[in-house]
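Notes follow once the structure below has been shown.
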Amino acid sequence: MMFMKSFIALAVAISGVRAAFDINSKNNLVMYWGQSSAGSEQSLGDYCAQTAGDIYVLSFLYEFGSGTPSLNIDSCSETFPGSTLLHCPNIGADIKSCQQAGKKVLLSLGGAVGQYGFSSDSEAQTFAGTLWDLFGGGSSDTRPFDDAVVDGFDLDIENDSSTGYVALVNQLRQYFSGASKDYYISTAPQCPYPDANVGDVLANADIDFAFIQFYNNYCSIGPNFNFDTWQNFASNTSPNKNIKLFLGLPGSTSAAGSGYEQPDAVASAVASISTDSNFAGIMLWDASQGFTNQVNGVSYAQAMQNILDGQSGGNSGASVSSPVLQTSTSSVSIPTSSVAAPLSSSQPVVTASPSTFSIAVNSGLDSDPTGLTLVAIPESTTTTVATTTESITSVVGHVTFTKQVQPIKSVNPAPPSTEVAAAAPSATGSASAGGPCTGNETTCIDGKYSVCNFNQWVTFDCPAGTVCLVSGGASCGFPPSKRDETFVVRRHKHHAH
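Below, the structure written as structure tokens:
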């Protein structure tokens, strides 16, 4: 990785303002804003004043379909009289300042939590008019951002319903065609292809950007990184052959269950994919995480911008160099009766009242991380972990560790598990590759991790050293024989956005 460190270091600090957004550039940085996922966040205007960042995505319009939609933005609570619709004049002013700084602002529809969707194409077409009047170039007495006009809309659909979104996009395009400025439409698919939620709209509508979530899934940066699959989609399936593909990443270890990468690993991945004509940059969930997370003296967001600028020859901020840490992770649920491995004076101890404890294991390193004595930590308990080698701050429900324990800033709690049965490599059962299935089921077929996408089983090879396991769901994980304790490997299914 010395080459990558030298490569990143070429991004020398240069004062000045970044050029305005260029859709054909390969160094665009996208960040979601509005949910304060790091616990707090600065105003949209403050972030837009930073060098890093080209597109900000307001999140989320989380209730829509028929009737008046609902916004959820952490920094806004005012509503219009007699309505539940938010009125956010300060955000409206910030949208304008961002646009004056040459940045684009989109509004995201959906998210992991919300009540939204359409019963028909006609309902979606009607809602396109509502979007246009409330947030676009139309008019309404109850515009949440007053006279500020967003630069487009993002579809972050995660509720297993694809009805109406092609019709929505087509109707929005009709409104855009007579406008005096450019508008954009993006989607945020998860990296398994085709995406169960927005796969249909990506294949059948004119989409400008795909902010692909390469986290919380098997296909993140690492052995199963599948950017080439998305390149093939762009070339052969997308109606827009110039669709821009973004490498979506969590902004810190606490932003997602898995998929966070150190800058050197990101730089290596970007170097391998940036020659593709559809590659356009990096997406981060989210701004609060990306700017709070400090890496070698700069924010993670700035580090990502430096990587992109260095790759494309654009302006950059401070140089970035950091050790490589492989972070493709699985989640391990340890029964309350399990206590593993001998303890030495240099090894950390985790103690709490018995429950079920989720641990993220670095599958890119030694697959048998010994030297930890574990007693389960319940969802509601916060415990300080002490060690003579590295200190780990308070942890709730999740801890990420490697062969050598690394400090962790903050971690999201995982839902408590009631499963205590040992997992074992699964049998094929009645399922078969390409065969019928329903919903979002997962299983193992012929030793391969299998996902139900569009009512058909799609199979994937597990990473080297892991096997497909089934216990209330499927995942690639370490064989039980490689660990002293009984464990269950789980797939993170929740997506941070």
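Here the sequence shown stands for residues -19 to -1, 1 to 478, numbered as in mature numbering (1 follows the signal peptide of the UniProt record, and there is no 0). Positions of the beta carbon are idealized from the N, C-alpha and C atoms, including for glycine.
With contacts defined by Cβ atoms closer than 8 Å, V432 and T419 do not form a contacting pair.
Taking C-beta atoms as the reference points, F206 and G262 fail to come closer than 8 Å. For I202, the closest C-alpha among the options A93, D245 and Q81 is that of D245. If you keep only unbroken alpha helix (DSSP H) runs of at least 4 residues inside the stretch 88 to 157, you get 102 to 116. Here DSSP, grouped into helix, strand and coil, assigns Q31 to coil. Counting other Cβ atoms within 10 Å of its Cβ, A215 reaches 16 or more and is therefore classed as buried.
In the three-state reduction of the DSSP assignment, K162 falls in the coil class, being assigned neither a helical nor a strand state. The beta-carbon distance between D257 and I224, rounded to whole angstroms, is 11 Å. This is too long to meet the 8 Å contact definition. Secondary structure at T424: strand, using DSSP grouped into helix, strand and coil. Inclusion of V182 and S143 in the CB contact set at 8 Å is warranted, their separation being smaller than that value. A direct Cα-Cα distance of roughly 43 Å separates Y241 from D122. Sequence-distant partners of D128 (beyond 5 residues in either direction) whose C-beta falls short of 8 Å from its own C-beta, in its chain, are G73. In the DSSP assignment, W266 is bridged to P231. Exposure of S158 is indicated by the presence of fewer than 16 other C-beta atoms within 10 angstroms of its C-beta. With the rule of 3 Cβ pairs closer than 8 Å, the stretch 130 to 144 counts as touching the stretch 71 to 89. Excluding sequence positions up to five before and after T60, its CB lies within less than 7 Å of the CB of L66, L67 and H68, all in the same chain and listed in chain order. By the neighbour-count criterion, in which 16 or more other beta carbons inside 10 Å mark a residue as buried, D163 falls on the exposed side. By the neighbour-count definition (other C-beta atoms within 10 Å, threshold 16), N274 is a buried residue.
Per DSSP, the unbroken beta strand (DSSP E) holding C449 starts and ends at V448 to V451. Here Q437 is exposed, its C-beta having fewer than 16 other C-beta atoms within 10 Å. Taking 8 Å as the upper bound for CB-CB distance, L153 and L112 are in contact here, some 7 Å apart. Setting aside the 5 residues that flank it on each side, I254 is surrounded in the same chain by F208 and F260, each with a C-beta closer than 6 Å to its C-beta; the list follows chain order. Assignment of L66 by DSSP, reduced to helix, strand and coil, places it in the coil class. Here DSSP, grouped into helix, strand and coil, assigns K7 to coil.
In this structure, the alpha-carbon of Q23 lies about 19 Å from that of V276. For F441, DSSP records a beta bridge to Y430. Nearest in C-alpha terms to D35, of all of N287, C449, A160 and G48, is N287. No residue range can be given for S47, since it is assigned to no beta strand (DSSP E) and is classified by DSSP as neither H nor E. Inclusion of P220 and D187 in the CB contact set at 8 Å is warranted, their separation being smaller than that value.
For F214, the uninterrupted alpha helix (DSSP H) run begins and ends at F208 to N217, by DSSP. In this model, N9 and P62 are separated by some 39 Å (Cα to Cα). The bridge partners DSSP lists for A191 are T168 and L226. Within its own chain, the residues whose Cβ lies closer than 7 Å to the Cβ of G92, once the five positions on either side in sequence are excluded, are S40, F41, Y43, D137, E139 and H478, listed in chain order. Per DSSP, reduced to three states, the secondary structure at I72 is helical.
For A248, the enclosing alpha helix (DSSP H) has its first and last residue at P244 to I254.
Under the criterion of beta carbons closer than 8 Å, F99 and G46 qualify as touching, at roughly 6 Å.
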